[in-house]
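See below for the structure under consideration.
In the UniProt record's numbering, the protein residues as written are 1 to 155.
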């Protein structure tokens, strides 16, 4: 189902992710999506920009687990301005992308389409750099194809 949703609106997510990371001044950006488009499917990081290795490709999360699973399940942003101060060691272990990419600050944003959360966008910093100004209110605004960062509010 998700593959047909993404295929039907062909869009170069990798180029868009690279552009967002560079223009918004983040060290790392990634998109996580359910493997087969269903909420019961495992979640994987499908696209990444600024990655320091390829371990993100091996991260497999159960629905509702990990950073992407939490954002997809709740439909809400997760903002962590200081990983060491705000997350316990157990929390860090539950967010393997944080450890594999050595993130020290991050914003995770749900990716909505047709009033349903399909995935998550992660924007992060390393080496103690703060989140860029305005990043906690960052808006996708058609920069990721037909995905939006909030549910479509119909009148």
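Beta carbons are placed, not taken as given, at the ideal position from N, Cα and C, and that holds for glycine.
Measuring CA to CA, which of the options is closest to residue i?
i, options, result
"residue 93", "66, 135, 52 and 48", "66"
"residue 52", "83, 103, 79 and 46", "103"
"residue 45", "143, 101 and 138", "101"
"residue 136", "74, 85 and 110", "110"
"residue 83", "105, 114, 139 and 149", "105"
"residue 128", "138, 85, 64 and 13", "85"
"residue 139", "14, 10 and 23", "23"
"residue 29", "18, 35 and 11", "18"
"residue 115", "88, 75, 122 and 89", "75"
"residue 164", "57, 64, 132 and 33", "There is no way to answer for residue 164, as the model of the chain reaches only from 1 to 155."
"residue 143", "117, 121 and 78", "121"
"residue 35", "10, 63 and 25", "63"
"residue 185", "33, 11 and 91", "Outside the displayed span of the chain (1 to 155) sits residue 185, for which this structure offers no information."
"residue 230", "132, 78 and 11", "Nothing can be reported for residue 230, as the shown portion of the chain is limited to 1 through 155."
"residue 117", "11, 77 and 10", "77"
Decide if residue i is buried, meaning its Cβ has at least 16 other Cβ atoms within 10 Å, or exposed.
i, result
"residue 147", "buried"
"residue 130", "exposed"
"residue 119", "buried"
"residue 95", "buried"
"residue 49", "buried"
"residue 21", "buried"
"residue 60", "exposed"
"residue 47", "buried"
Give me the Cβ distance between residue i and residue j, rounded to the nearest whole Å; I'm assuming they're in contact under 8 angstroms.
i, j, result
"residue 124", "residue 27", "6 angstroms"
"residue 71", "residue 41", "Actually they are not in contact, since the Cβ atoms of residue 71 and residue 41 sit about 16 angstroms apart, beyond 8 angstroms."
"residue 13", "residue 31", "6 angstroms"
"residue 43", "residue 16", "Not confirmed; about 20 angstroms, so no contact."
"residue 112", "residue 150", "6 angstroms"
Using a Cβ cut-off of 8 angstroms (strictly closer), state whether residue i contacts chain D.
i, result
"residue 83", "Absent here is chain D; the protein component of the structure consists of one chain."
- Task: Give, in chain order, every unbroken run of the beta strand (DSSP E) that is at least 3 residues long and sits entirely within the UniProt domain "GAF" (14-129).
- Result: 28-34, 43-49, 78-80, 103-113 and 116-126
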